[in-house]
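Protein sequences, first through last, are from chains A and B.
Its first residue numbered 1, the first sequence is counted upward by one per residue in this note's numbering.
Its first residue numbered 1, the second sequence is counted upward by one per residue in this note's numbering.
Please read the structure below before turning to the comments.
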Amino acid sequence: MNAAPAITVSALRHHYGDRCAIDDLGFEIARAEIFAFVGPNGGGKTTLFRILSTLMPMQAGKAAVLGYDLETAVGPIRREIGVVFQAPSLDKKLTVDENLRHQGHLYGLSASDLRARREELLVQVGLQDRRSELVEKLSGGLRRRVELAKGMLHRPRLLLLDEPSTGLDPVARSDLWNYLRQLQETQQVTVVLTTHLLEEAEKADRVAILNEGKLVAIDTPDALRATVGGDTITIQTKESAKLAEDIRREFGFSVEVLDDEVRFEQPEGHRLIAKIVEAFPGRIDAITYARPSLEDVFIDRTGHRFRQDRLREAGKD
Amino acid sequence: MTTSSTTPTVPVPHVAGAWLAVWTLCQRELVRFFRQKNRVIGAVGQPILFWLLFGSGFGSSFRVPTEGGESMNYFQYYFPGTLVLIVLFTAIFATISIIEDRREGFLQAVLVAPVSRFALVLGKVLGGSLIALAQGLLFLLLGLTIGITFSPLQLLAIVAYLFVIAIGLTALGFILAWRLDSTQGFHAIMSVVLLPMWLLSGAFFPASDNLLAYILWINPLTYAVAGLRRLLFDLPFPDLPSATVCLLVTLGFAALCLAIAWWSARRTTKGDLLS
Numbered sequence: 001m002n003a004a005p006a007i008t009v010s011a012l013r014h015h016y017g018d019r020c021a022i023d024d025l026g027f028e029i030a031r032a033e034i035f036a037f038v039g040p041n042g043g044g045k046t047t048l049f050r051i052l053s054t055l056m057p058m059q060a061g062k063a064a065v066l067g068y069d070l071e072t073a074v075g076p077i078r079r080e081i082g083v084v085f086q087a088p089s090l091d092k093k094l095t096v097d098e099n100l101r102h103q104g105h106l107y108g109l110s111a112s113d114l115r116a117r118r119e120e121l122l123v124q125v126g127l128q129d130r131r132s133e134l135v136e137k138l139s140g141g142l143r144r145r146v147e148l149a150k151g152m153l154h155r156p157r158l159l160l161l162d163e164p165s166t167g168l169d170p171v172a173r174s175d176l177w178n179y180l181r182q183l184q185e186t187q188q189v190t191v192v193l194t195t196h197l198l199e200e201a202e203k204a205d206r207v208a209i210l211n212e213g214k215l216v217a218i219d220t221p222d223a224l225r226a227t228v229g230g231d232t233i234t235i236q237t238k239e240s241a242k243l244a245e246d247i248r249r250e251f252g253f254s255v256e257v258l259d260d261e262v263r264f265e266q267p268e269g270h271r272l273i274a275k276i277v278e279a280f281p282g283r284i285d286a287i288t289y290a291r292p293s294l295e296d297v298f299i300d301r302t303g304h305r306f307r308q309d310r311l312r313e314a315g316k317d
Numbered sequence: 001m002t003t004s005s006t007t008p009t010v011p012v013p014h015v016a017g018a019w020l021a022v023w024t025l026c027q028r029e030l031v032r033f034f035r036q037k038n039r040v041i042g043a044v045g046q047p048i049l050f051w052l053l054f055g056s057g058f059g060s061s062f063r064v065p066t067e068g069g070e071s072m073n074y075f076q077y078y079f080p081g082t083l084v085l086i087v088l089f090t091a092i093f094a095t096i097s098i099i100e101d102r103r104e105g106f107l108q109a110v111l112v113a114p115v116s117r118f119a120l121v122l123g124k125v126l127g128g129s130l131i132a133l134a135q136g137l138l139f140l141l142l143g144l145t146i147g148i149t150f151s152p153l154q155l156l157a158i159v160a161y162l163f164v165i166a167i168g169l170t171a172l173g174f175i176l177a178w179r180l181d182s183t184q185g186f187h188a189i190m191s192v193v194l195l196p197m198w199l200l201s202g203a204f205f206p207a208s209d210n211l212l213a214y215i216l217w218i219n220p221l222t223y224a225v226a227g228l229r230r231l232l233f234d235l236p237f238p239d240l241p242s243a244t245v246c247l248l249v250t251l252g253f254a255a256l257c258l259a260i261a262w263w264s265a266r267r268t269t270k271g272d273l274l275s
């Protein structure tokens with residue numbers, strides 16, 4: 001087994017006509033880490049996923065997957081990576097077992113190996129008693145498990161997943177993460193996934209935040225949170241601009257205004273809350289205190305809110 | 001969900017692997033076909049419908065004079081053309097499943113699998129051709145009851161010839177379906193291109209004036225119909241191309257369509273990308 005990093009990318013660019021989807025991306029993903037790309041829709045995650053999964057050819061830049069050049073060695077890459085798409089890739093008219101069998105044949109597994117692997121994977125994803133059922137009869141959560149089994153069937157060393165928890169309930173989502181952790185711990189599989197949920201990205205070993213095709217930040221969730229500094233205080237108010245101005249004057253630190261909210265990060269946040277509420281009686285509708293989250297990192301780096309941006313982008317689709 | 005540790009081994013690619021991929025994609029076509037009851041009913045119903053139309057005897061007085069004084073009745077004359085029509089319809093409609101595969105996401109997984117695009121094309125075309133062949137065979141057997149006769153050796157030759165026709169037409173369907181994202185678009189092409197192609201193949205009427213003769217001459221289906229006519233009836237048919245020409249054109253058409261289908265499949269299309 002070669003020891004090259006799971007993925008290395010430098011100066012990667014991609015255009016759809018005039019629209020720039022990926023702009024000068026560069027990063028490295030180590031073996032056996034769980035890595036999440038997070039960002040609003042339209043941020044470039046899906047484009048990146050399509051390029052790394054070999055679905056779409058590269059336009060410009062350099063990229064290597066498991067040490068193979070993405071431009072010249074697509075064959076070996078395809079054999080050694082597992083891909084789980086956001087859109088279902090199962091044949092609904094076939095049974096769970098048949099889907100796995102066809103997948104195994106596409107990856108050239110021998111008959112005896114394929115039989116053993118199907119058995120193993122069905123146990124792993126807890127579907128051994130549903131194997132003869134048609135996929136169209138399964139719930140969304142169970143289908144996602146079959147997709148996972150399908151992606152892992154040929155023992156890939158790198159598993160790529162596009163928005164794997166979309167449409168999953170919290171229990172199924174937590175099952176998914178347990179499974180990914182186990183793959184990492186017992187089989188040293190590198191897991192690279194995309195998500196539009198910041199809470200989900202926090203579970204990864206390392207996170208890259210993508211916005212408008214650019215890499216905004218890349219580090220462990222803890223390290224990213226640490227860059228924000230202090231605790232986050234969010235104040236809901238009807239006169240956000242004026243209140244922000246007053247806080248600046250009174251307390252001497254800078255604050256951000258986001259619609260009806262005033263937001264800032266300061267150490268010793270819990271003490272500040274009392275002082276602020278006393279200083280501006282009747283002008284504060286609600287005030288919340290939180291340890292910094294990846295959302296704060298996102299706001300800090302891009303100057304705008306993650307969710308609203310997401311909604312606006314979703315409206316365009 | 002639990003995992004157990006396994007020794008990581010990477011499957012080694014080999015030629016057998018490519019055939020395994022072709023076979024598995026072909027088998028999937030057949031399984032899907034037989035699982036969709038309406039498709040099976042349609043496939044069995046269509047030849048029976050044609051058989052009933054022939055058998056009901058309309059046009060039983062119809063005679064096509066042939067040289068040498070012998071004459072053919074209505075259904076003997078139309079039988080080869082109808083056989084080609086049945087194969088045409090089934091082969092082409094079998095490839096509509098590419099559009100479904102795209103929409104339902106199955107194709108995406110195949111596109112990132114270590115499978116050559118030629119294996120993808122061949123698997124699909126082989127699956128569609130076998131379905132078309134089965135349907136043609138059913139019509140052929142029904143033909144026995146309405147005055148069509150053939151020896152076992154003839155049957156073998158007809159089946160082999162039909163198979164080559166089916167490969168060509170399914171590959172043609174693949175080329176048309178590959179770039180389409182809706183089945184409606186496919187139906188439009190069906191009525192604008194494929195149906196006229198069949199009508200002008202000598203299936204309905206022999207060549208008369210110059211323009212029609214020219215169209216017939218360049219239409220590959222002409223040779224499919226003529227070849228079948230020669231295989232089915234032991235008559236001279238001086239107006240038709242020779243058996244060798246028919247076989248060569250039909251083989252060439254199948255090879256050409258396969259090659260174009262392969263070429264198309266190697267190029268990425270916007271449709272590869274489901275969001």
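Don't be surprised by glycine CBs; every beta carbon is placed ideally from N, CA and C.
Only a predicted model underlies this, so the values are computations on that prediction, with no experimental measurement involved.
Using a Cβ-Cβ cut-off of 8 Å, A/S53 is close to V112 of chain B, given in chain order. When beta bridges are read from the DSSP output, A/E256 appears opposite A/R263. Against chain A, the CB of B/R28 has a partner CB under 8 Å away; the residue lies at that interface. Secondary structure of B/L130 (DSSP, three-state): helix. Within chain B, the residues placing a beta-carbon under 9 Å from that of A/V83 are Q108, A109, V112, A113, ordered along the chain. Its chain contains V207, A217, L294, V297 as the residues whose beta carbon lies nearer than 7 Å to that of A/L224, once the 5 sequence neighbours on both sides are disregarded; these appear in chain order. Excluding its 5 nearest sequence neighbours in each direction, B/A226 has C-beta neighbours in its own chain below 7 Å: G202, L240, P241, C246, listed in chain order.
Assigned with DSSP and collapsed to three states, A/G82 falls in strand.
C-alpha of B/L120 to C-alpha of A/E256: approximately 55 Å in a straight line.
The residue from B/K37, B/L176, B/I158, B/V110 with its alpha-carbon nearest to that of B/I96 is B/L176. Proximity of A/S89 to chain B, defined by a Cβ-Cβ separation below 8 Å, is satisfied. Where B/N219 is concerned, there is no enclosing alpha helix (DSSP H), because DSSP gives it neither an H nor an E. Shown here for A/L180: same chain residues with a beta carbon closer than 7 Å to its own, the five before and five after excluded, namely I34, V191 in chain order. Between the segment 2-22 of chain A and the segment 195-205 of chain A there are fewer than three C-beta pairs closer than 8 Å, too few to call the two in contact. Bounds of any beta strand (DSSP E) do not take in A/G43, whose DSSP letter is neither H nor E. Around the Cβ of B/Q135, a 10 Å sphere holds 16 or more other Cβ atoms; the residue is buried. Taking all protein chains shown into account, B/W51 has 16 or more neighbouring C-beta atoms within 10 Å of its C-beta and is therefore buried.
In this structure, the CA atom of A/G42 is about 50 Å from the CA atom of B/L162. By the CB criterion at 8 Å, B/T90 and B/A43 fall inside the cutoff. Think of a sphere of 8 Å around the beta carbon of B/R32: the chain A residues whose beta carbon falls inside it are D91, K93, L94, in chain order.
Under the three-state reduction of DSSP, A/H14 is assigned to strand.
Spatial neighbours of A/G229 in its own chain (CB-CB distance under 7 Å, excluding positions within 5 residues in sequence) are listed in chain order as E265. Using a CB distance cut-off of 8 Å, B/G128 does not count as an interface residue toward chain A.
Straight across, the Cα-Cα distance linking B/A254 with B/A18 is about 21 Å. Around the beta carbon of A/E147, a 10 Å sphere encloses 16 or more other beta carbons of the protein chains shown; the residue is thus reported as buried.
Here the C-alpha atom of A/L168 lies approximately 31 Å from the C-alpha atom of A/D23. According to the DSSP assignment, A/E98 belongs to the alpha helix (DSSP H) that extends over 96-106. A straight line joining the alpha-carbon of B/Y223 with that of B/A213 spans about 13 Å. B/L258 sits away from B/A157, with the two beta carbons spaced by 8 Å or more. For the pair B/R32 and A/Y107, the Cα-to-Cα distance works out to about 21 Å. Beyond the five residues adjoining it in sequence on each side, A/R13 comes within less than 8 Å, by CB distance, of C20, I22, D23, D24, L25, Q59, A60, G61 in the same chain, given in chain order. If you look at A/E28, you'll find it isn't in any alpha helix (DSSP H); it sits in the beta strand (DSSP E) that goes 19-29.
The Cβ atoms of A/T232 and A/A290 lie closer than 8 Å to each other. Note on A/T95: 16 or more other CB atoms within 10 angstroms of its CB, so buried under the neighbour-count rule. DSSP, read as helix, strand or coil, puts B/F233 in coil. Contact check for A/A36 against A/A201 passes: the beta carbons are separated by less than 8 Å.
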